[in-house]
Amino acid sequence: MSNQSPWILPAGIDEVLPLQARRIERVRTRMLETFDRWGYELVVPPMVEFIDTLLVGTGEDLDLETLKVTDGLSGRQLGVRADMTPQVARMDAHSLPPVDERRLCYIGTVIRAKTDGLGGSRAPMQVGAELFGSDGPEADVEVISLMTEALAVGGCQAMTLDLGHVGVFRALVRAAGLDGSREDQLRDSLTRKAVPEIRQTLVDWSLDAPLAEAIESLCDLHGPWQATIDEAKQRLKGLLDAEGQAALERLATVAEAIETRVTGEVLVDLSELHGYHYQTGLVYAAYSPRMGREIARGGRYDDIGRVFGRSRPALGFSLDLRDLLGQSDDETPVRQTVYAPARLNDPALDRAVDELREQGYRVITTKSIPEGAPRLAAVGDGQTQTWQLTGELDHG
Numbered sequence: 311m312s313n314q315s316p317w318i319l320p321a322g323i324d325e326v327l328p329l330q331a332r333r334i335e336r337v338r339t340r341m342l343e344t345f346d347r348w349g350y351e352l353v354v355p356p357m358v359e360f361i362d363t364l365l366v367g368t369g370e371d372l373d374l375e376t377l378k379v380t381d382g383l384s385g386r387q388l389g390v391r392a393d394m395t396p397q398v399a400r401m402d403a404h405s406l407p408p409v410d411e412r413r414l415c416y417i418g419t420v421i422r423a424k425t426d427g428l429g430g431s432r433a434p435m436q437v438g439a440e441l442f443g444s445d446g447p448e449a450d451v452e453v454i455s456l457m458t459e460a461l462a463v464g465g466c467q468a469m470t471l472d473l474g475h476v477g478v479f480r481a482l483v484r485a486a487g488l489d490g491s492r493e494d495q496l497r498d499s500l501t502r503k504a505v506p507e508i509r510q511t512l513v514d515w516s517l518d519a520p521l522a523e524a525i526e527s528l529c530d531l532h533g534p535w536q537a538t539i540d541e542a543k544q545r546l547k548g549l550l551d552a553e554g555q556a557a558l559e560r561l562a563t564v565a566e567a568i569e570t571r572v573t574g575e576v577l578v579d580l581s582e583l584h585g586y587h588y589q590t591g592l593v594y595a596a597y598s599p600r601m602g603r604e605i606a607r608g609g610r611y612d613d614i615g616r617v618f619g620r621s622r623p624a625l626g627f628s629l630d631l632r633d634l635l636g637q638s639d640d641e642t643p644v645r646q647t648v649y650a651p652a653r654l655n656d657p658a659l660d661r662a663v664d665e666l667r668e669q670g671y672r673v674i675t676t677k678s679i680p681e682g683a684p685r686l687a688a689v690g691d692g693q694t695q696t697w698q699l700t701g702e703l704d705h706g
């Protein structure tokens with residue numbers, strides 16, 4: 311028998327108390343209003359799906375994140391959603407009529423089987439937006455701009471944007487002729503910027519020196535966007551095919567446009583390869599000085615719709631709404647609380663309570679009214695009795 315207290319929550323799972331819940335709802339409302347103004351329509355994906363449809367086309371990473379249970383009705387395995395992006399892609403392909411472009415947004419709790427090791431929740435309140443059907447740099451700029459505005463309305467005014475493009479690394483992989491296993495090994499090392507490990511691996515694989523140096527240099531190619539892209543063009547000159555060169559040009563185009571739209575610094579990191587197995591182009595993340603990890607991330611995943619029968623351009627972003635609670639010093643306003651005695655069959659008291667609530671007061675009817683608190687008090691007696699607000703009110 312376990313000695314643990316019965317009220318201990320699982321690691322990475324937390325509860326939301328009243329003050330936090332009020333602030334979350336305030337931010338949620340602002341964010342959904344922002345999405346609506348940009349033309350993004352709200353959808354609500356299901357919390358659970360059959361595992362074979364929930365994970366189709368998402369790769370091993372999401373499979374490991376997904377909690378699995380057996381459906382008591384069908385006997386089939388169910389998965390609890392760990393990310394809503396694939397679900398929204400399926401809704402675009404199967405649940406909605408075909409259109410040239412579609413903008414969707416979503417908000418809801420997702421559950422993950424393990425922690426990320428960086429202090430993130432296993433039950434984040436995921437907020438995101440997805441744009442389907444547009445493959446130009448204008449779409450990249452729109453979605454990144456929406457991401458920064460969503461963060462701003464959530465209280466994160468100061469941020470740094472980090473841009474990358476998986477096409478540069480893939481071009482070097484093609485030039486080196488690496489198989490899938492070696493590609494994954496090298497990607498993992500680059501993501502960790504493990505330079506000695508990368509150097510030894512490339513020596514073991516006997517890659518040509520110029521190509522090995524170029525791959526290793528991806529760890530150094532990070533910093534202010536203009537200088538980093540200029541340096542990348544020099545260090546990777548002659549080693550990138552047409553797709554790799556186009557990736558660098560796309561990165562420069564988007565970075566230049568974004569720099570005029572946000573107040574934060576715009577950086578480029580060519581070893582940024584998050585979501586590599588389904589990302590197909592630009593990747594991006596936003597960082598806050600108040601948090602030691604990204605506060606929002608996204609990218610382009612043009613091929614995800616293929617498994618749902620509609621392969622077309624797609625990109626988006628997501629964030630954990632609760633990460634925004636510590637980003638602003640702006641406190642959620644609390645209504646003035648007034649107390650009223652709990653009494654039955656007193657129409658005059660009921661009317662007085664209703665009137666105060668209509669005026670915006672928070673009225674609590676109770677038998678235990680705190681001493682000195684604002685309250686409704688009876689004035690008069692018998693047929694002439696009325697209820698009046700007494701006590702010192704805080705109008706600040």
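In our numbering, the protein residues as written are 311 to 706.
The beta carbon of each residue, even a glycine, is placed where N, CA and C say it ideally should be.
Keep in mind it's a predicted model, so treat the numbers as computed, not measured.
- Distance from Ser598 to Ala468 at the Cβ level is roughly 7 Å; contact confirmed, criterion being Cβ atoms closer than 8 Å.
- For Val358, the closest of Arg332, Gln387 and Arg347 by C-alpha to C-alpha distance is Gln387.
- Non-local C-beta neighbours of Ser455 in its own chain, meaning closer than 6 Å and more than five positions away in sequence, comprise Arg571, ordered along the chain.
- In the DSSP assignment, Glu440 falls within the beta strand (DSSP E) that extends over Met435 to Phe442.
- With a threshold of 16 other beta carbon atoms within 10 Å, Ala552 falls short and is exposed.
- Val648 is a Cβ neighbour of Leu666, given a cutoff of 8 Å.
- Counting along the chain, the unbroken alpha helix (DSSP H) around Gln510 starts and ends at Val505 to Asp514.
- Between the stretch 338-347 and the stretch 448-463 there are three or more C-beta pairs closer than 8 Å, enough to call the two in contact.
- By the Cβ rule, the stretch 429-439 does not count as touching the stretch 646-663, because fewer than three pairs are nearer than 8 Å.
- Under the three-state reduction of DSSP, Ala321 is assigned to coil, being neither helix nor strand.
- Beta-bridge partners of Cys415 (DSSP): Leu352 and Ala439.
- Thr696 and Gln669 have their C-alpha atoms some 18 Å from each other.
- If you check the CB distance, Tyr416 and Val513 do not come in under 8 Å.
- The DSSP assignment places complete beta strand (DSSP E) segments of no fewer than 3 residues inside the stretch 657-690 at 672-676 and 685-689, in order along the chain.
- Under DSSP, Tyr649 forms a beta bridge with Ile674 and Arg685.
- Unbroken alpha helix (DSSP H) runs of no fewer than 4 residues, entirely contained in the stretch 445-516, are found at 447-463, 476-486, 490-501 and 505-514, following chain order.
- Ranked by Cα distance from Ala556, the options Pro328, Leu703, His475 and Leu488 are led by His475.
- In terms of CA proximity to Leu473, Thr538 leads the group Thr538, Arg645, Gly554 and Ala423.
- The way I'd put it, the stretch 621-633 does touch the stretch 389-399; three or more beta-carbon pairs between them come closer than 8 Å.
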